[in-house]
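As you go down the protein sequences, you meet chains S and L in turn.
Quick note: the first sequence uses this note's numbering, first residue 15, plus one each step.
Quick note: the second sequence uses this note's numbering, first residue 15, plus one each step.
Heads up, the beta-carbon is just placed ideally off N, CA and C, and yes, glycines get one too.
First comes the structure, then the notes that go with it.
2 protein chains.
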Amino acid sequence: MPNPRIATVIGTGTIGRSWALVFARAGCETRLYDASAPQADRAKDWLLKNVTLAVQERLMTSEEGMVVEQCVVVCRDLGSALRGAEYVQESGPENLEAKQRMFAELDRLAEREAILATSTSTLDISAIAGGCPGGHRCFVAHPVNPPHVIPVVEVLAMPSAAEAQIKRACAFLSSVGQSPVLVNHYVVGFILNRLQAALVKEAINIVLSGVADVNAVDATVRDGVGLRWAVMGPFGVANTNADEGIRHYYRRYGSAYIALMNDLGPTPAFDEAMIEAVAAEVDQMTGSESTADQQHRRDQLILRIRQLKRETSRGV
Amino acid sequence: MPNPRIATVIGTGTIGRSWALVFARAGCETRLYDASAPQADRAKDWLLKNVTLAVQERLMTSEEGMVVEQCVVVCRDLGSALRGAEYVQESGPENLEAKQRMFAELDRLAEREAILATSTSTLDISAIAGGCPGGHRCFVAHPVNPPHVIPVVEVLAMPSAAEAQIKRACAFLSSVGQSPVLVNHYVVGFILNRLQAALVKEAINIVLSGVADVNAVDATVRDGVGLRWAVMGPFGVANTNADEGIRHYYRRYGSAYIALMNDLGPTPAFDEAMIEAVAAEVDQMTGSESTADQQHRRDQLILRIRQLKRETSRGV
Chain S
15 MPNPRIATVI
25 GTGTIGRSWA
35 LVFARAGCET
45 RLYDASAPQA
55 DRAKDWLLKN
65 VTLAVQERLM
75 TSEEGMVVEQ
85 CVVVCRDLGS
95 ALRGAEYVQE
105 SGPENLEAKQ
115 RMFAELDRLA
125 EREAILATST
135 STLDISAIAG
145 GCPGGHRCFV
155 AHPVNPPHVI
165 PVVEVLAMPS
175 AAEAQIKRAC
185 AFLSSVGQSP
195 VLVNHYVVGF
205 ILNRLQAALV
215 KEAINIVLSG
225 VADVNAVDAT
235 VRDGVGLRWA
245 VMGPFGVANT
255 NADEGIRHYY
265 RRYGSAYIAL
275 MNDLGPTPAF
285 DEAMIEAVAA
295 EVDQMTGSES
305 TADQQHRRDQ
315 LILRIRQLKR
325 ETSRGV
Chain L
15 MPNPRIATVI
25 GTGTIGRSWA
35 LVFARAGCET
45 RLYDASAPQA
55 DRAKDWLLKN
65 VTLAVQERLM
75 TSEEGMVVEQ
85 CVVVCRDLGS
95 ALRGAEYVQE
105 SGPENLEAKQ
115 RMFAELDRLA
125 EREAILATST
135 STLDISAIAG
145 GCPGGHRCFV
155 AHPVNPPHVI
165 PVVEVLAMPS
175 AAEAQIKRAC
185 AFLSSVGQSP
195 VLVNHYVVGF
205 ILNRLQAALV
215 KEAINIVLSG
225 VADVNAVDAT
235 VRDGVGLRWA
245 VMGPFGVANT
255 NADEGIRHYY
265 RRYGSAYIAL
275 MNDLGPTPAF
285 DEAMIEAVAA
295 EVDQMTGSES
305 TADQQHRRDQ
315 LILRIRQLKR
325 ETSRGV
């Protein structure tokens with residue numbers, strides 16, 4: 015393994031630049047490559063600005079900030095971006111043919127042992143890299159936007175991948191502070207977007223049926239069940255909902271759950287009428303706070319919650 | 015309004031005693047009444063122990079702790095428990111006839127202006143208090159267990175309730191640090207349990223179909239989407255997922271959401287095979303940590319997350 019470890023970011027838009035911060039923050043030499051050179055330069059600027067802000071907001075010491083800044087290099091050609099890299103994260107456009115071409119190129123040019131990962135949220139790794147000689151070292155590593163704030167990464171390997179290879183990819187992601195979760199086989203939406211869609215589906219139904227307004231639904235999550243879910247997932251929560259654990263809880267409330275689950279609403283139409291009905295109430299809820307300020311507030315709070323969780327004995 | 019304000023807790027089990035802590039912590043004179051006198055005494059003991067712990071863990075100063083301790087009174091008869099009380103929270107067994115009898119009694123004995131609330135998670139307030147002369151001042155105030163940790167309270171009024179009366183009930187709950195959310199009309203599960211059931215339904219399906227294991231699903235929530243939901247609800251999240259806000263986000267991803275929502279799994283059977291399949295993996299995930307320790311860790315972390323949210327400009 016090279017020293018320091020080298021991570022390469024291919025495609026430096028919103029997701030790619032955030033990945034670069036993850037790698038650099040963890041002390042990797044971080045290479046930025048983009049077919050558009052000015053885009054890569056902008057990504058580096060964003061990263062430096064973000065580090066300055068993190069230091070100001072005491073999420074990073076100024077020493078840590080300086081180390082991060084020194085780790086990041088923009089590369090003008092793909093070959094030099096990949097030289098010596100242990101881990102490569104591709105975050106280009108969500109287009110199968112483009113990703114197939116890129117992975118053929120990455121597989122040809124990268125180090126023989128390099129892990130090659132894509133940020134795709136919709137495509138199967140078999141479709142992207144099934145034709146590559148080095149397909150066994152190719153993965154989906156789907157982050158949540160932005161990965162420097164949210165640690166979870168959904169990892170989907172090729173069916174041909176060896177157990178040790180999958181462990182290596184997950185170990186790398188853990189070593190840079192992310193939380194890899196293994197998706198055993200391809201399904202649309204992987205894990206996170208399926209769970210999210212299930213909740214959003216019912217949230218929209220509650221609003222459209224007049225049971226509650228947008229702010230009431232959001233408050234029920236942010237001041238209610240979401241507080242639990244920042245600490246434990248649905249199974250951990252079920253296990254702590256009865257003193258005797260999840261078996262007791264599911265036995266006792268199983269029939270209530272079944273009745274509720276059977277009563278949930280249908281898939282809503284995402285038409286202009288629905289969108290405007292919901293969005294008008296969102297405008298009321300958010301008031302004069304700009305979207306950028308909302309995003310900033312959300313990300314800063316999440317980073318502090320993660321700090322809090324790290325300070326306790328378990329959790330990320 | 016009396017000074018200090020008086021809140022009465024009827025039924026002092028797990029939920030009732032936690033309500034008592036909410037009221038006492040907010041400086042209300044807090045009366046505990048239970049048909050079983052030893053139960054009320056145990057609730058007071060629990061409360062005092064909890065305050066000592068909160069002081070030790072610096073969630074409360076010792077001065078605040080002393081104030082709370084002095085606020086709590088066990089009452090041996092219902093009449094004296096209700097005298098002068100502004101707010102009454104009933105948390106007896108989840109049984110319609112028992113609650114009807116209790117509300118008839120409360121309506122007869124309580125102050126004319128007192129707000130009468132029930133912690134029911136399943137019953138309609140019209141069914142419980144529809145026959146009471148003072149039904150207009152009766153409410154469901156459904157907490158999340160335990161209410162001294164999770165602030166959200168689902169409020170359901172009688173159809174005959176005046177707007178001002180609903181506002182008064184919500185204002186009282188806000189004044190003691192809770193987050194009331196209005197349920198406009200009765201549906202099974204109100205808001206929170208419907209949202210939770212939607213997510214749990216898909217979580218179980220993901221495990222049963224072999225897409226991911228219990229720990230992967232839980233990690234996807236606690237290190238992923240749950241971090242967002244502790245800060246913003248699903249609509250606030252959607253609004254920050256695109257720089258241009260929720261309209262743009264829903265227009266762009268509407269068809270992807272529809273495809274995902276249509277692909278979600280069916281209601282699982284809560285039979286022993288399912289329960290054991292899930293529970294065995296939960297055992298692995300939680301390892302040697304006892305359920306009590308898991309509960310304690312969860313609650314302490316949530317209380318600290320709330321502290322963090324209070325320290326930032328917005329949010330509870």
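Through-space distance from residue j to residue i, alpha-carbon basis
{"i": "L:Ala112", "j": "L:Pro160", "result": "22 Å"}
{"i": "L:Ala21", "j": "L:Val102", "result": "6 Å"}
{"i": "S:Arg90", "j": "S:Pro52", "result": "10 Å"}
{"i": "S:Glu108", "j": "S:Asn253", "result": "38 Å"}
{"i": "L:Val169", "j": "L:His199", "result": "10 Å"}
{"i": "S:Leu110", "j": "S:Ser135", "result": "12 Å"}
{"i": "L:Ala34", "j": "L:Val81", "result": "13 Å"}
{"i": "L:Val195", "j": "S:Glu295", "result": "15 Å"}
{"i": "S:Ile316", "j": "L:Val166", "result": "20 Å"}
{"i": "S:Met15", "j": "S:Ala99", "result": "In this prediction, S:Met15 has a pLDDT of 45, which is less than 50 and means its spatial position is unreliable; nothing more can be read from the coordinates."}
{"i": "S:Ala178", "j": "S:Val201", "result": "23 Å"}
{"i": "L:Phe37", "j": "S:Ala143", "result": "60 Å"}
{"i": "L:Gln192", "j": "S:Ala270", "result": "26 Å"}
{"i": "S:Glu325", "j": "L:Ile218", "result": "30 Å"}
{"i": "S:Tyr47", "j": "S:Ala233", "result": "41 Å"}
{"i": "L:Ile260", "j": "S:Gly79", "result": "33 Å"}
{"i": "L:Asp121", "j": "L:Thr66", "result": "35 Å"}
Short CB-CB distance (under 8 Å) between residue i and chain S
{"i": "L:Val154", "result": "no"}
{"i": "L:Leu64", "result": "In the sequence as presented, Leu is not what sits at residue 64 of chain L; that position holds Asn. False, the Cβ-Cβ gap to chain S never drops below 8 Å."}
{"i": "L:Gly107", "result": "It should be noted that the sequence gives Pro, not Gly, for residue 107 of chain L. Answer no: the Cβ-Cβ gap between L:Pro107 and chain S never drops below 8 Å."}
{"i": "L:Arg261", "result": "yes"}
{"i": "L:Pro161", "result": "no"}
{"i": "L:Pro16", "result": "In this prediction, L:Pro16 has a pLDDT of 46, which is less than 50 and means its spatial position is unreliable; what the coordinates show is noted afterwards. No, L:Pro16 lies away from the interface with chain S (no Cβ there is under 8 Å from its Cβ)."}
{"i": "L:Ile29", "result": "no"}
{"i": "L:Phe284", "result": "yes"}
{"i": "L:Arg182", "result": "no"}
{"i": "L:Arg265", "result": "yes"}
{"i": "L:Ile139", "result": "no"}
{"i": "L:Ile220", "result": "yes"}
{"i": "L:Thr26", "result": "no"}
Neighbour flag for residue i against chain L, beta carbons, 8 Å
{"i": "S:Asn276", "result": "yes"}
{"i": "S:Arg328", "result": "Since pLDDT at S:Arg328 reaches only 49, below the 50 mark, its modelled position is unreliable, and the value read off the structure follows with that caveat. Taking Cβ atoms only, chain L reaches closer than 8 Å to S:Arg328, which makes this a yes."}
{"i": "S:Thr254", "result": "yes"}
{"i": "S:Leu67", "result": "no"}
{"i": "S:Val102", "result": "no"}
{"i": "S:Ala21", "result": "no"}
{"i": "S:Asp257", "result": "yes"}
Closer than 7 Å at the beta carbon, the chain L residues around residue i
{"i": "S:Met246", "result": "Asp232, Arg236 and Arg312"}
{"i": "S:Thr281", "result": "Ile272, Met275 and Asn276"}
{"i": "S:Gln309", "result": "Thr254"}
{"i": "S:Ala293", "result": "Ile260 and Arg261"}
{"i": "S:Val296", "result": "Phe249, Asn253 and Ile260"}
{"i": "S:Arg56", "result": "Result: empty, since nearest Cβ-Cβ is about 15 Å, beyond 7 Å."}
Within chain L, the residues that residue i reaches when beta carbons sit closer than 8 Å
{"i": "S:Trp243", "result": "Val235, Arg236, Val239, Gly240, Trp243 and Ala244"}
{"i": "S:Lys323", "result": "Leu315"}
{"i": "S:Thr300", "result": "Gly250 and Asn253"}
{"i": "S:Ile289", "result": "Ile260, Arg261, Tyr264, Arg265 and Gly268"}
{"i": "S:Gly224", "result": "Asn198 and His199"}
Cross-chain neighbours of residue i in chain S, by beta carbon under 7 Å
{"i": "L:Glu216", "result": "Arg208, Leu209 and Ala212"}
{"i": "L:Pro165", "result": "Asp237"}
{"i": "L:Val228", "result": "Phe249"}
Neighbouring residues, chain S, relative to residue i (Cβ below 8 Å)
{"i": "L:Arg318", "result": "Leu322"}
{"i": "L:Val36", "result": "Those within 8 Å of L:Val36 in chain S number zero; the least Cβ separation is about 14 Å."}
Proximal chain L residues relative to residue i, where beta-carbon distance stays under 9 Å
{"i": "S:Gly149", "result": "Neighbours of S:Gly149 on chain L: none; closest Cβ ~21 Å, over 9 Å."}
With 9 Å as the limit, tell me which residues of the region 187-199 of chain S have their beta carbon closer than that to any beta carbon of chain A; keep them in chain order.
No chain A appears in this structure, whose protein chains are S and L.
So within the region 25-94 of chain S, which uninterrupted beta strand (DSSP E) runs reach at least 3 residues, ignoring any that extend past its ends?
The qualifying runs are 43-47 and 86-88.
Alpha helix (DSSP H) runs wholly inside the region 273-317 of chain L, at least 4 long, in chain order
286-300
May I have a chain-ordered list of the beta strand (DSSP E) segments no shorter than 3 residues that lie completely inside the region 97-183 of chain S?
If you keep only unbroken beta strand (DSSP E) runs of at least 3 residues inside the region 97-183 of chain S, you get 101-104, 129-132, 152-157 and 166-171.
Contact set between the region 199-211 of chain L and chain S, restricted to residues whose Cβ is under 7 Å from the partner:
His199, Val201, Val202, Gly203, Ile205, Leu206, Asn207, Arg208, Leu209, Gln210 and Ala211
Counting only runs that start and end within the region 197-235 of chain L, where is the alpha helix (DSSP H) found for 4 or more residues in a row?
206-222 and 228-234
What residues in the region 73-99 of chain S bring their beta carbon closer than 9 Å to a beta carbon of chain L?
When C-beta distances to chain L are compared with 9 Å, every residue of the region 73-99 of chain S stays at or above that value.
Whole beta strand (DSSP E) elements within the region 235-264 of chain L, 3-residue minimum
List check, beta strand (DSSP E) in window: nothing returned.
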